[in-house]
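For reference, the structure is listed below as structure tokens.
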Amino acid sequence: MQIPILLPKIFDYPFTYETSQKIKLNTGDLVKVPFGSKKEIGIVWHTTEKTKKKFKIKKIEKKINLSPISKNLINFIDWFSKYNMVPLGLTLKLCLTNHLSIENMDDNLFSKYKIPKKLRSLPLNNEQKNSLSELKKNKSNPNVSVLQGVTGSGKTIVYFERIKDFLKKNQQILILLPEIALTSQFKLRFEEYFKSEAAIWHSKITAKNKKILLNGVMNNKIKILIGARSALFLPFFKLGLIIVDEEHDGSYKQNEGISYHARDMAILRASIEDIPIHLVTSIPSVETYNNIKNKKYKITKIKKRYKDAGFPKFYIVDLKKNRPNKNKWISPYVVNEVKKFLDKKDQVLFFLNRRGFSPSIFDLKLGKVFICPRCSVNLNFHKISGNALCHYCGFKKNINILDKKNDYVFCGPGVERIYEEVKEIFPNKNIEIFSSDTLKNKVKNAQFASKIENREIDILVGTQLISKGFHFPKLNCIVVVDPDLNSHGFDLRNSEKNVQLYYQLVGRAGREGDEASIFFQTFESDNHILKTISEQDPYKFLEEETIIRREKNLPPFCRFISLIISSSKQEESNNFCVLVKRTISKVKNIEILGPVNAPIFKIKNKFRSRLLIRCSKNRLAQKSIWLMLKKLKIPSRIKLAVDVDPLNFN
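Written as structure tokens, this is what we have:
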């Protein structure tokens with residue numbers, strides 16, 4: 003008997019194998035099969051690949067004694083592949099993490115994740131109660147609810163209460179978070195509420211823990227899983243609810259390897275599983291806002307902060323009138339205001355969304371800027387490590403700033419530079435840098451968050467990482483040193499990202515009801531984005547942005563598909579890009595923009611050419627484009643990367 007087997011490989015079709023009558027197989031069963039000179043784990047697929055080629059059919063070796071992949075997950079793999087233009091086999095690979103090493107495990111391994119039947123309920127205010135009631139009432143199809151609340155309004159408590167309904171039904175819950183760095187503080191809140199250890203899934207957990215969690219998820223021994231993007235592909239036994247926290251966050255977009263948006267794919271999986279999904283946010287993405295307007299998503303709002311805490315006072319510091327001293331970045335006016343908060347034992351954050359010491363280095367003797375030899379970008383100087391670093395390929399060059407033979411000028415500040423200045427101004431205060439460079443493992447992450455909460459740190463100097471869901475009770479003063487508010491030609495979402503970032507940042511201050519302030523240093527005191535943030539009305543911005551995008555036929559009113567062709571030879575990249583355009587131009591009702599050099603035209607010694615496809619959202623144009631692309635013979639020295647619904651255009 004011939005059986006189609008899908009393998010976790012680059013192929014977009016299943017392979018045909020034979021099975022003996024002794025092995026009874028159904029769609030979704032896991033099997034071990036010979037593939038070339040190796041053995042592979044595959045899945046019994048629901049469709050066969052038609053071919054006129056004649057080939058020797060190999061035999062299935064054995065059926066794996068594991069729960070089969072559910073029909074719903076198979077449908078999700080199918081749809082994910084079609085939507086994102088990804089080979090079926092590579093999509094399956096996302097789902098088959100560690101299946102080779104799964105085995106029956108002792109129930110004691112899961113006891114720490116067991117949630118008590120009786121859980122205490124935290125008191126909810128009227129707005130929280132109403133939101134919880136609205137989430138329960140939504141029975142629409144697709145069942146997408148948006149829980150929108152101002153920062154510090156207690157949204158997490160609301161969906162913790164909501165989770166109880168699904169635990170009573172013996173169902174599983176997936177909570178998606180945008181950043182691994184958020185998990186340490188979220189873990190503490192989870193464990194305090196649910197009285198069990200949090201099961202956390204992300205790319206940096208150990209192989210041993212992955213085995214345990216995967217087994218627990220497949221056998222319904224783990225009820226609640228907290229995860230980053232990759233958790234979306236796990237084979238849950240009885241998934242009942244998906245929660246996407248901070249749904250607007252750009253970190254849900256996977257840009258390396260297989261490109262996809264985890265929020266959108268979570269909505270797809272919830273629809274296929276026929277279960278509710280809750281999108282949680284303080285300011286919705288434009289896509290989500292448009293779906294709310296079109297009545298596709300239900301929304302419930304929490305307009306007041308928890309315990310009626312007030313919002314920070316908002317100050318725009320005009321640097322034309324309040325200039326910093328020579329070779330400094332912080333205005334004396336701001337320094338005086340910060341002192342008032344420090345005198346009250348409040349914590350202060352100096353915010354700058356740039357890692358390292360300086361974003362570029364100019365060599366006066368050579369008369370040129372330090373450029374990465376592999377990428378068409380400036381090297382960033384990191385003074386702590388003494389390296390000029392490329393944030394794209396990881397290239398680093400040691401810079402000896404003490405050598406008098408060198409004559410360097412550091413252009414612009416990074417967090418390390420601001421840290422030095424703040425240390426000079428406040429020498430007796432405990433000051434720390436909060437960025438992805440300083441929080442490289444979960445132990446450091448947890449220790450750092452604990453030190454802030456216990457007020458062992460007086461002043462933080464941080465990047466955008468600190469704006470993402472952290473709760474620091476005594477943080478009551480924020481200084482935005484140099485807001486990057488200028489629109490870039492290759493990023494149509496720049497305004498949206500800025501409003502979301504700084505609106506989230508404002509919400510970090512005054513969360514316990516103390517008087518709080520946020521200071522924006524800027525040479526553009528009349529900047530439209532700053533005014534939008536200061537008015538505390540994100541819906542005004544979202545409405546204006548929606549109108550602009552509709553008029554210009556930009557997402558979410560159309561679909562963009564980005565194609566990046568890269569090669570070690572620029573001419574080869576350009577020529578193949580022209581060939582790709584000629585091939586896909588046969589697809590009807592699409593607009594092809596380009597080819598052009600990508601804004602960052604070289605990364606890791608590969609020259610990059612770009613095509614941008616614009617098409618209607620009302621039809622799945624990906625299917626036709628993908629069929630045309632599969633006809634191309636792509637030389638091994640050329641890489642074609644596809645990004646459906648790109649968030650940036652680098």
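Just so we're on the same page, this note's numbering is the position in the sequence shown counted from 1, plus 2. Heads up, the beta-carbon is just placed ideally off N, CA and C, and yes, glycines get one too.
Thinking just about the alpha-carbon of each residue, which of the options is nearest to the one in residue i?
i: residue 52; options: 18, 230, 459; result: 18
i: residue 653; options: 421, 428, 186; result: With the chain covering only 3 through 652, there is no way to say anything about residue 653.
i: residue 363; options: 382, 353, 348, 377; result: 382
i: residue 219; options: 205, 234, 419; result: 234
i: residue 200; options: 208, 645, 325, 187; result: 187
i: residue 393; options: 470, 3, 525, 605; result: 605
i: residue 267; options: 640, 83, 495; result: 83
i: residue 112; options: 465, 609, 217, 277; result: 217
i: residue 127; options: 343, 311, 87; result: 311
i: residue 515; options: 479, 542, 525; result: 479
i: residue 29; options: 75, 636, 23; result: 75
i: residue 118; options: 88, 193, 149, 95; result: 193
i: residue 421; options: 411, 413, 412, 432; result: 432
i: residue 495; options: 298, 20, 547; result: 547
According to DSSP, which residues form a beta bridge with residue i?
i: residue 569; result: 609, 640
i: residue 302; result: 149
i: residue 212; result: Answer is none; residue 212 lacks a bridge partner.
i: residue 310; result: Paired residue(s): none; residue 310 is not in a bridge.
i: residue 410; result: 365
Does the separation of the CB atoms of residue i and residue j fall below 8 angstroms?
i: residue 572; j: residue 477; result: no
i: residue 264; j: residue 178; result: yes
i: residue 354; j: residue 415; result: yes
i: residue 135; j: residue 308; result: no
i: residue 497; j: residue 467; result: no
i: residue 2; j: residue 71; result: This structure cannot settle anything about residue 2, because the visible part of the chain is limited to 3 through 652.
i: residue 242; j: residue 168; result: yes
i: residue 284; j: residue 91; result: no
i: residue 483; j: residue 359; result: no
i: residue 398; j: residue 391; result: yes
i: residue 281; j: residue 246; result: yes
i: residue 202; j: residue 189; result: yes
i: residue 172; j: residue 240; result: yes
i: residue 159; j: residue 124; result: yes
i: residue 204; j: residue 183; result: no
i: residue 252; j: residue 406; result: no
i: residue 557; j: residue 647; result: yes
i: residue 319; j: residue 523; result: yes
i: residue 600; j: residue 610; result: yes
i: residue 469; j: residue 302; result: no
i: residue 493; j: residue 380; result: no
Just to confirm the assignment, what range does the alpha helix (DSSP H) spanning residue i have?
i: residue 94; result: 90 to 97
i: residue 83; result: 73 to 86
i: residue 589; result: Premise fails: residue 589 is in no alpha helix (DSSP H) and is neither H nor E.
i: residue 624; result: 623 to 632
i: residue 435; result: Note, residue 435: premise wrong, no alpha helix (DSSP H); beta strand (DSSP E) at 433 to 436.
i: residue 530; result: 530 to 536
i: residue 334; result: 334 to 345
i: residue 291; result: 288 to 295
i: residue 543; result: 540 to 553
i: residue 274; result: 264 to 275
Would you mind reading off the limits of the beta strand (DSSP E) that contains residue i?
i: residue 523; result: 519 to 524
i: residue 203; result: 201 to 203
i: residue 36; result: 32 to 37
i: residue 461; result: 461 to 464
i: residue 485; result: Residue 485 -> no beta strand (DSSP E), and no H or E assigned at all.
i: residue 243; result: 241 to 247
i: residue 382; result: 382 to 384
Please indicate yes or no: does the CB of residue i lie closer than 7 angstroms to some heavy atom of the ligand HEM?
i: residue 66; result: Because no ligand of any kind appears in the structure shown, any question about the ligand HEM cannot be addressed here.
Item to complete: Could you tell me whether the stretch 614 to 632 touches the stretch 582 to 589, where touching means 3 or more Cβ pairs closer than 8 angstroms?
Response: yes
Worksheet item: Is the stretch 611 to 623 touching the stretch 561 to 571, taking contact as three or more C-beta pairs under 8 angstroms?
Response: yes
Item to complete: Take every Cβ of the stretch 60 to 77, pair it with every Cβ of the stretch 31 to 51, and state whether three or more of those distances are shorter than 8 angstroms.
Response: The stretch 60 to 77, when compared against the stretch 31 to 51, does touch it at the 8 angstroms Cβ threshold.
Worksheet item: Between the stretch 327 to 346 and the stretch 534 to 545, do at least 3 Cβ pairs fall closer than 8 angstroms?
Response: no
Item to complete: Taking 8 angstroms as the threshold, find out whether the stretch 502 to 521 comes into contact with the stretch 137 to 157 through three or more Cβ pairs.
Response: yes
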